[in-house]
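**Student:** Encoded as structure tokens, here's the structure I'll be asking about.
There are 2 protein chains.
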Amino acid sequence: MSIQARRRRERAEREKLIITAARELAEAEGWEAVTTRRLADRIEYSQPVLYSHFKGKDAIMTAVALEGFAELVGELRAARTGAPDAAGALAGVAAAYGAFADRHPALYDAMFRRDLDLAFAAEDSPAALKAGFEELAEAVRPHAGGDDLGLLTETFWAALHGLVTLERGGRLPREARERRLALLLGRFVRDGAG
Amino acid sequence: MSIQARRRRERAEREKLIITAARELAEAEGWEAVTTRRLADRIEYSQPVLYSHFKGKDAIMTAVALEGFAELVGELRAARTGAPDAAGALAGVAAAYGAFADRHPALYDAMFRRDLDLAFAAEDSPAALKAGFEELAEAVRPHAGGDDLGLLTETFWAALHGLVTLERGGRLPREARERRLALLLGRFVRDGAG
DNA sequence: CCAAATTTTCTAGCACTGCTAGTAGTGAGA
DNA sequence: TCTCACTACTAGCAGTGCTAGAAAATTTGG
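Chains as they are written, first to last, in the working numbering: chain A, 286 to 479; chain B, 286 to 479.
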């Protein structure tokens, strides 16, 4: 019994090790540098070990992305609950979202830019994913007026995502981030809400 | 003289052939299916010929993207100038942008999703790229009020881009596209403008 | 019209990728 | 101690982008 328990524990630890190594490598040199060989090297196991934990490279990226969702939720919540009013909450959440993308570009890529088969907005969506959306929705709620909250949240999220990704690819100069966010908020914030 | 002219012409034709083949293949099976071998096969030349035209695979993708910008400009312009008023123009441009992304997903990827070294918003930006932004800006202008037109256009563009890309990756259900666009427009359109 | 020079295109190969079949090694239970 | 099951390994496959050097084709000069 206990022996199997230890084995399970060790396996779980190694799985965590793989995820962490992948994330660090991606953050340091980009996802194209995360090869199964380099990853195996880094965790000091042979390549096939990776495949005993994950179905393939994509599954590893998905695991990293899930870690990211959990972290993002925390930061969004802190930004929202720490704000004095509804306008500040939306602004804070938007800024936190942008800051997260800046601080963890590779993580953000895995979460939102790559085509992974993560179920969004579905029954079997990972909990952290639903929680992240809920966090955004709570910040948007006071500004929804008569509009559908879910759809409005999606729209607001899309705007944030668009800003972040266009900046990442050099499509938009990064300097004006704050001013663009201000414009966006100006169009979404309902004065005297909440 | 004339011989060299013919050679130049033939080279240009083959270059166009490469771009078209890459685009078709990408649109049919996605960019990951566009390998130098398959591309060479398709144009009925050997692999190294590709490298006499383009620096590498990325350069081919960039060439495809440039084609896309020219087409997008045309569709945005048609949508804008065909609208009866300022609100209709913005709505039309937004719908045209979404429709373009739907109709040419691989093309859209090359233009906006991949990290290619295209100079956006710079001195040496390709003309079609500047023209595309201008087209958007003209549609946004009547709704800018006192806000900076360039920044507001960037923000609106980012929102469109966000919607389109999140839908592509399955992050947002596609059915509600129109309703999300309506919400976005509701926040950007200034009544009684232009 | 033919040989030399030049340009163009090809074959073959490099170092790498994700992934897997089959083998060697390790520890548990009888 | 012996057998068995499981784990992790080595080696290899088919594919990738890209390139060096040989072969073929074409233009030029005699």
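Just so you know, even glycine gets a beta-carbon here, dropped at the ideal spot from N, CA and C.
Are A/L505 and A/V319 closer than 8 Å when you measure CB to CB?
**Tutor:** Residue 505 of chain A lies beyond the residue range present for chain A, which begins at 286 and ends at 479; the question has no answer from this structure.
**Student:** What residues in the region 375-404 of chain A bring their beta carbon closer than 9 Å to a beta carbon of chain B?
**Tutor:** F397, R398, R399, D400, L401, D402, L403, A404
**Student:** By the DSSP assignment, the alpha helix (DSSP H) with B/M346 in it spans what residues?
**Tutor:** In the second sequence, counting from the first residue as 1, residue 346 of chain B sits at position 61. Here the alpha helix (DSSP H) through B/M346 covers 342-366.
**Student:** Could you check the C-alpha separation between B/A467 and B/P458 for me, to the nearest Å?
**Tutor:** Looking up residue 467 of chain B in the second sequence gives position 182. Looking up residue 458 of chain B in the second sequence gives position 173. Near 16 Å, if we compare the C-alpha coordinates of B/P458 and B/A467.
**Student:** Can you look up B/D476 in the DSSP assignment and give me helix, strand or coil?
**Tutor:** What you label residue 476 of chain B is simply residue 191 of the second sequence in a count that begins at 1. The answer is coil: DSSP assigns B/D476 none of H, G, I, E or B.
**Student:** Interface residues of chain A around B/L434 at Cβ under 9 Å?
**Tutor:** As a working mapping, residue 434 of chain B is identified with position 149 in the second sequence. None at all; the shortest Cβ gap to chain A is about 11 Å.
**Student:** Taking the Cβ atom as the reference point for each residue, do B/R462 and A/F473 lie within a distance shorter than 8 Å?
**Tutor:** Taking the first residue of the second sequence as 1, we reach residue 462 of chain B at position 177. Taking the first residue of the first sequence as 1, we reach residue 473 of chain A at position 188. It is not a contact, given that the beta carbons lie outside the stated cut-off.
**Student:** So what does DSSP say about A/S287, is it helix, strand or coil?
**Tutor:** Within the first sequence, numbered from 1, the residue matching residue 287 of chain A stands at position 2. Helix at A/S287.
**Student:** Please return the same chain residues whose Cβ sits closer than 6 Å to the Cβ of A/A416, not counting the five positions on each side in sequence.
**Tutor:** Taking the first residue of the first sequence as 1, we reach residue 416 of chain A at position 131. Same-chain partners within the cutoff: V358.
**Student:** Could you give the DSSP three-state label for B/I304: helix, strand or coil?
**Tutor:** Taking the first residue of the second sequence as 1, we reach residue 304 of chain B at position 19. Three-state DSSP puts B/I304 in a helix.
**Student:** Mind checking which residues open and close the alpha helix (DSSP H) that includes A/A381?
**Tutor:** Working through the first sequence from its first residue, we reach residue 381 of chain A at position 96. Per DSSP, A/A381 belongs to the alpha helix (DSSP H) from 371-388.
**Student:** Against chain A, which members of the region 443-464 of chain B pass a CB distance test of less than 9 Å?
**Tutor:** A443, A444, L445, H446, G447, L448, V449, T450, L451, E452, R453, G454, G455, R456, L457, P458, A461, R464
**Student:** Here's a check: name, in chain order, each residue in its chain whose Cβ is nearer than 6 Å to the Cβ of A/Y382, leaving out the five neighbours to either side.
**Tutor:** What you label residue 382 of chain A is simply residue 97 of the first sequence in a count that begins at 1. Cβ within range, chain order: L445.
**Student:** Quick one: Cα of A/Y336 to Cα of A/L403, how far?
**Tutor:** Here residue 336 of chain A refers to the residue found at position 51 of the first sequence. Here residue 403 of chain A refers to the residue found at position 118 of the first sequence. Approximately 19 Å between the Cα atoms of the pair.
**Student:** In angstroms with no decimal places, state the Cα-to-Cα distance between B/G373 and B/P411.
**Tutor:** The residue labelled residue 373 of chain B in the question sits at position 88 within the second sequence. The residue labelled residue 411 of chain B in the question sits at position 126 within the second sequence. Straight-line spacing of the CA atoms in B/G373 and B/P411 works out to 29 Å.
**Student:** Quick check on DSSP: helix, strand or coil for A/P229?
**Tutor:** The requested residue 229 of chain A does not occur in the structure, where chain A is confined to residues 286 to 479.
**Student:** Classify B/L437 as helix, strand or coil using the three-state DSSP reduction.
**Tutor:** Looking up residue 437 of chain B in the second sequence gives position 152. Residue state, collapsed to three classes: helix.
**Student:** Would A/A311 and A/A406 be called neighbours here (beta carbons separated by less than 8 Å)?
**Tutor:** As a first step, residue 311 of chain A is located in the first sequence; it is residue number 26 there, counting from the start. As a first step, residue 406 of chain A is located in the first sequence; it is residue number 121 there, counting from the start. With contacts defined by Cβ atoms closer than 8 Å, A/A311 and A/A406 do not form a contacting pair.
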